[in-house]
Amino acid sequence: MDFIYFIGNSTDPDPADGLALNFYREPMLGGAGGHIGYSGIPGWAVEFDTHYVYGNPWDPPYQHIALTEIHAENHVYFFGGRVDLRNRWMYARVAFTALERNSTHIYGRLQVTVWDRADRQNLAPLGNVLINSSYTGWFKIYGHYLGFSAATGGQRDSHALWWTRVEVCPAPVGGVV
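The opening residue of the sequence shown carries number 1 in full-length UniProt numbering; numbering runs sequentially from there.
Shown next as structure tokens:
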């Protein structure tokens, strides 16, 4: 799936959290404020984290993109860090390839690619690839819901996105979702 996103416009020196692409078990809301809006929801998230939570050892002191499970505090893998994710339209692609499956888990590869600019008229990537990284491992099967969350944690920011390509289908072994 591909999407164009923008996080920014804050006049606050310590802006908001960012946004996350979530794979949920149930259609529900995460915790109020903070934690990018998905804490406590059974599932996986690819977080585009633009806010450092001071004093918390689980949150790196820089902007990053990471895979998390159930909670913003549970980072499974960092796709990229120390990149500027704010104040520009960016293009992202998230793809999952299933390699093996059993009744409770899927073994597969999650690929995240992010370009530093987006062509909003033609809905295409522009500029340079900032991140092109993948994680291969076992993913617990939580459910069938897909969506975005965002949070401000009491700060101010604009969050906007456009889906540009969504192909969601059962993940057969060797298939791409």
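Even glycine gets a Cβ: it sits at the ideal position worked out from N, Cα and C.
- Scanning E26, V166, W162 and I70 for the CA closest to the CA of W89 turns up W162.
- In terms of Cα proximity to H51, the closest of G43, I65, P42 and G40 is I65.
- When rounded, the separation of the alpha-carbon atoms in P60 and L85 is 14 Å.
- In the DSSP assignment, H75 falls within the unbroken beta strand (DSSP E) covering H75 to G81.
- The DSSP assignment places no complete run of the alpha helix (DSSP H) inside the region 111-147 (cut-off: 4 residues).
- For I7, the enclosing beta strand (DSSP E) stretches over residues D2 to G8.
- Listed in chain order, the non-local C-beta contacts of Y107 below 6 Å within the same chain comprise L99, E100 and W138, local neighbours out to five positions each way being set aside.
- Distance from the CA of G8 to the CA of P42, rounded to the nearest whole angstrom, comes to 28 Å.
- About 7 Å separates the Cβ atoms of A16 and A151, confirming a contact at the 8 Å cut-off.
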